[in-house]
Every structure is written in C-alpha cells, then in structure tokens.
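K.L.:
Protein chains in written order, with my numbering: chain A, 1 to 276; chain B, 1 to 325. Backbone N, C-alpha and C fix where the C-beta goes; we use that ideal spot for every residue, glycine too.
(1) Mapping the DSSP letters down to three states, classify residue 15(B) as helix, strand or coil.
(2) What are the residues of the stretch 6 to 37 of chain A that lie near chain B, defined by any Cβ-Cβ distance shorter than 8 Å?
(3) Please name the residue or residues paired with residue 82(B) in a DSSP beta bridge.
(4) Using the DSSP secondary-structure output, state which residues sit across from residue 282(B) in a beta bridge.
(5) Please list the partners that residue 75(B) has in chain A, where partner means a Cβ-to-Cβ separation under 7 Å.
(6) Starting from residue 121(B) and walking both ways along the alpha helix (DSSP H), at which residues does that stretch end?
(7) What residue range is occupied by the uninterrupted beta strand (DSSP E) comprising residue 254(B)?
(8) Decide if the stretch 88 to 99 of chain A is in contact with the stretch 182 to 195 of chain A; the criterion is three or more beta carbon pairs, one per stretch, under 8 Å apart.
(9) Any contact of the stretch 69 to 80 of chain A with the stretch 57 to 75 of chain B, i.e. 3+ C-beta pairs under 8 Å?
(10) Bridge partners for residue 111(B) per DSSP, in chain order?
(11) If residue 48(B) and residue 156(B) are in contact, beta carbons under 8 Å, what's the gap, nearest whole angstrom?
(12) How about residue 78(B): is its C-beta nearer than 8 Å to some C-beta of chain A?
(13) Just curious, the alpha helix (DSSP H) that residue 187(A) is in, first and last residue?
(14) Under three-state DSSP, which class holds residue 264(B)?
(15) When you compare each of 88(A), 145(A) and 136(A) to residue 56(A) by their alpha carbons, which one comes out closest?
(16) Going by the C-beta, is residue 219(A) closer than 7 Å to any heavy atom of the ligand ZN?
(17) Taking residue 102(A) as the reference, which of 192(A), 254(A), 155(A) and 215(A) has the closest Cα?
(18) On the DSSP letters alone, give me the boundaries of the alpha helix (DSSP H) that residue 54(A) sits inside.
(19) Taking the DSSP output, what are the residues bridged to residue 63(B)?
(20) Answer yes or no: does any C-beta atom of chain A fall closer than 8 Å to that of residue 57(B)?
(21) So, is residue 218(B) buried or exposed, given that buried needs 16 or more other C-beta atoms within 10 angstroms?
(22) Helix, strand or coil for residue 146(B) per DSSP?
(23) Taking residue 107(A) as the query, report the chain B residues whose CB atoms sit under 7 Å from its CB, ordered along the chain.
(24) Cβ of residue 166(A) within 8 Å of Cβ of residue 69(A)?
(25) Would you please verify whether the beta carbon of residue 276(A) is less than 8 Å from any beta carbon of chain B?
(26) Which whole-angstrom value describes the C-beta separation of residue 26(B) and residue 52(B), a residue pair presumed to lie in contact below a C-beta threshold of 8 Å?
(27) Counting C-beta neighbours from all protein chains within 10 Å, is the total for residue 167(B) 16 or more, i.e. buried, or is it exposed?
(28) So, are the CB atoms of residue 262(B) and residue 271(B) less than 8 Å apart?
(29) Is the Cβ of residue 203(A) closer than 8 Å to any Cβ of chain B?
(30) Between residue 58(B) and residue 13(B), is the Cβ-Cβ spacing less than 8 Å?
(31) Name the residue from 295(B), 111(B), 149(B) and 136(B) whose alpha carbon lies nearest to the alpha carbon of residue 164(B).
(32) Below 8 Å, can you find three or more Cβ-Cβ pairs linking the stretch 290 to 306 of chain B to the stretch 216 to 234 of chain B?
(33) Smallest Cα separation from residue 95(B): which of 19(B), 148(B), 16(B) and 125(B)?
(34) At a CB-CB cut-off below 7 Å, which residues of chain B make contact with residue 89(A)?
(35) Could you name the residues of chain A that residue 13(B) contacts, counting a contact when the two beta carbons are closer than 7 Å?
(36) In the structure shown, what three-state DSSP assignment does residue 207(B) receive?
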C-alpha cells in the first residue's frame, strides 16, 4: 500500500512541475469568471449575471473541456512508461500492478481534483465578492454541486484514458483513440440520440430515453447541474429532457461515480492480465 | 555447496505458437558472474523476464534464491534483486537525485542511500540536474545506480555498457569485479561484450531460444576448438615457413613485410610455439587465444548452419521482438 502512495505522490508532483495543475486551474478559473461577467453580453450588458445563468453556461462549456483535459492528462500514463522502459523496471520492484495503476490514477485524479476545486472555488469566491449575489447560499450550493460533478466527470475520463493506455502499445495510438472517445461521448452520442428522437417523431418511451442519457457521463454531468436550476431548463438543449425526469442528484452522482469505477476497474483487469 | 542463486532446468516459454525459449537449463552460484549472450531474439530478454518473475515459464522449473520468482515470495525476492533494463529512459523532467530517490523509496529504502550511490557511479556532480540534460553514458550510470539500490544479491544487467566510453566501461567492469568480490551474483546480458572475458566466470550463449553452449571461457574454447592466432615477425620467407608448419595443420597468411599471421589448431599449440621460438630468425611473436566474440560467432554460426540445413520451425526471433517491442 505504501508504494501506491509513493507512485501517486510522484505523479502529482510531476503535475505540479510540468505546470498541468497551474494551467488547468487558470483555465477553469478564468472560464468561470469570464462567463459570470460576460455571460449577459448577448443581451447588451456586461457585469455579473445571475448564478443560475452562470452555472448553466459554465456546465455547457465545461462538458467539452473537462473530458478533453482529463484525456490529455492521462492518455499516456501507462503506455508512456512502457515506451520509455520504466514500466518494465517498475514491475520488477516489490509492488503489484494494481498498486502501480491505482497509484498513478490517484495522482492524476488529485491533479484534476485540486485544479477543479481551486480554479472554480476561487472563481466562485471572486464572483461572490464582486458580484451582487442575492442569495449566497444558492451560489455556494450550486457551485459545490458543480465542482463535485466536474471532478467526477474528470475522473471518469481519466478512467477512460487509463483504459486506452493499458490497451495499446504506442503513445500515438493512445492519443488518437483518446480523441475518438472524446468525440464520441461529447458530440456523437447526443447527436445520435437527437437523431433517434427526431426520426421516431418523439415516439421513444420517456423512461428509455432517460436511461439512455445515463449511458453518457457528460449527459449526467449536464443533468446534475441543470436540475439544480429549474428555471434554466429552456437553455439546456437535449439534457433538459433528463432534467424533466427529475433524477435524484444522489442517483446521478452515484451513476457518475460508477462511470469512474467501471473504466478504471476494466483498465486494472486488462493491466493485470497483460503479458510483457 | 550452498544453494544456487538461480536454478533453471529445462525451461521453455511459448508465446502463442512461437517458442521463445526451449529447454534451457542454467545455474548461477553465489558470487558468480555470467555472461548471457545471443543476438536479438535469441531468448535473452525472455530469460531475464523469467528470472525477474515478470513472466512464468510454460515448461520446466525455475527457482531464484530457492523460490518461484513469480510466486508468493516475489516481493521478497525483488528486494534482493537489481535490474538494469536495456534502453531505459528515466523521467526526463526529474533530476538524477529525484529519480533515484523515487526508486529507492519504492524499494523501501530511505533517501540516505541516494547521494552515496550517485557518487559511486560518478554522477555526484550532476545529481541535481534534470535527466533531460544527461548524456547517454550518464543515463546508463544512473540506470546502474538504480540497479544497485538496496545492495542486491543478484543483479541482471541488460546491455550495460552500451553508450559508455572506454573509461566508463572500465569503471563499470571494475564495479562488477567489486560486486563479485562481495558475493553478489551478476548476469551480464549482451550481444557483444568486448573485453568482458576477464570479468566473467562463465558464459552462456543462446540462439533461437536454445542454449547453444555454456561453461567457462576455457571450456567454451575447448568445445569450439577454434584455432589460436599467432602473430609473427620473422626474417624467414613466408612460403618456406608455411611449408614447414603445414604438418601441424597451421594456416599462414602474410600480413605485411616480414609479418605473418598463423592460425594454429589448439592441439598443435605447444609444438608450433617450440618450433617458432627455436628459430633464430623469429624476431617477435604474439599469441591470441580466440576471443569471446569469435567463440560467440562460432556457436551462433552452428545454429545458423543447422537452421539452413533443415526447414526452420517457427522462429523465436519474431516472438522475441513481439515481446520486447
């Protein structure tokens, strides 16, 4: 177990050293403040907008960004070490493959988690301090839910990245597949669902449709943050259907957690069986 | 007799249909240095991985320090093991110190050993520089320092002298001698090891997954029965000299004005030397026993001949490359 934390610690320090933590934190922070301040620019005014508007626009942008960042951060975690020969060496050290993979995951998860927390957290504090927030409680609760779901979304895609990384033999292949995965979950899935909905003239059973939305972690993330603001429903596109279903946030977060666990578990399983 | 460090008997390893290792037997005692030789795909890396417990043999038995290296005792065994992989590239963004510290902690050893180890391999001056700035030789030294973490009792070094300059190579062999003196068993794995003869106790030559020959250098020389080379400076006419030595089975070749190169069969060595030494026209002579490289070329050649004579089975070469890629 000790080695797991040594591996995780190294991974996290690597993230600090090569500025991943800094870059992600800045991107998230600026995104949040920018959207809060300029979010109402389309209607002819600048200045901090309503919390609900901010969170809704933030989640619809973050849903593209977070999976991409997570995949970029971790796609080479195993295949990269394999290519440089250190994986073979690590495997001759007194630790199990599970410890190596779980340790690296923990490190990457911490990089993304800390960046998400600090980036959006600081942005939230600035919004609270400078904007005229009518209900501070609402902002805190909405932001907390947003940060929590953003972390889970990021970790789910780190899980995907690991699954890719243990399955291929070359870094460049892993990068390519990561891009395809991003495209499939973030764009194609929703388009396909929309296509089904339109082509059947809306005859798909509502329950089935809601369940289908749960098959995509990015949609779950959207629904979590939309259901919090009933008022924002009209702006949210496809995911507002999910919001109608009134999934309980705990169920949604639980499903998101499963989206973290399943790809990671699968990655562990493949990694353990892999011949060298 | 103490328990051998490595006991490998009739070990075979298959990857799917391909036989990477076939009926290989090998023992290594305490404080012994073994040169494991073979071209790419001969089964060297597979043997190493078996000993390291990274893969399990398909057939035969393998014991390291008396235990199955892939079994329950693996983690204990690994604390006593040092490994330098071929072509390893350490974390470029870390300093040499940080890299070694990471590996030392993974081996459950404190940071205190890091600095002395780096100084021992001659990297003391560069330990806080990033590995990115290291030369090939410095990286190799860092790899060696890594293998030395925790005073291992068995070291496996894969192509350890690749990229080292002659001075560094000499230092490296000095270190191997020192390790041997302390009872550490070492396997040097390479396809070429110039000048290694004096530093190893035994050599094992692998080819296409099979053990072609193993034993001390002298035993290998005897088995190979390769001629010695005698370099001669003489005032005598080359043709005449060649004529007089022909009954001993000597082949003569002129290598320059008044210089001859003789290939002398081992059994005729003393007779030829006596004759040459007694000849007043002989100005100088030098004797060169077959080098490990020529022995290797000889044994490696035998399997190639055999392979050419009979239709080859699925070659181990592809299997091996598939694995190390």
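P.N.:
In terms of the structure at hand:
(1) strand
(2) 6, 7, 10, 14, 17 and 18
(3) Paired residue(s): 155(B).
(4) 234(B)
(5) 94
(6) Residue 121(B) -> no alpha helix (DSSP H), and no H or E assigned at all.
(7) 251 to 256
(8) Verdict: no, contact absent.
(9) By the Cβ test, the stretch 69 to 80 of chain A is not in contact with the stretch 57 to 75 of chain B, since fewer than three Cβ pairs between them sit closer than 8 Å.
(10) Partner(s): none; residue 111(B) has no beta bridge.
(11) 5 Å
(12) yes
(13) Segment: none, residue 187(A) is in no alpha helix (DSSP H) and carries neither H nor E.
(14) strand
(15) 145(A)
(16) The model depicted lacks the ligand ZN and carries no ligand whatsoever.
(17) 155(A)
(18) 51 to 74
(19) 7(B)
(20) no
(21) With fewer than 16 other beta carbons inside 10 angstroms of its own, residue 218(B) counts as exposed.
(22) helix
(23) Those do not exist, as residue 107(A) stays about 12 Å from chain B at its closest Cβ, beyond 7 Å.
(24) In this structure, residue 166(A) keeps its C-beta atom at 8 Å or more from the C-beta atom of residue 69(A).
(25) yes
(26) Going by Cβ atoms, the distance from residue 26(B) to residue 52(B) rounds to 14 Å, so no, they are not a contact pair.
(27) With fewer than 16 other CB atoms across the displayed protein chains lying within 10 angstroms of its CB, residue 167(B) is exposed.
(28) no
(29) no
(30) yes
(31) 136(B)
(32) yes
(33) 125(B)
(34) Going along chain B in sequence order, the residues near residue 89(A) (Cβ under 7 Å) are 83, 85 and 88.
(35) The premise fails here: residue 13(B) is roughly 10 Å from chain A at the closest Cβ pair, so nothing lies under 7 Å.
(36) strand
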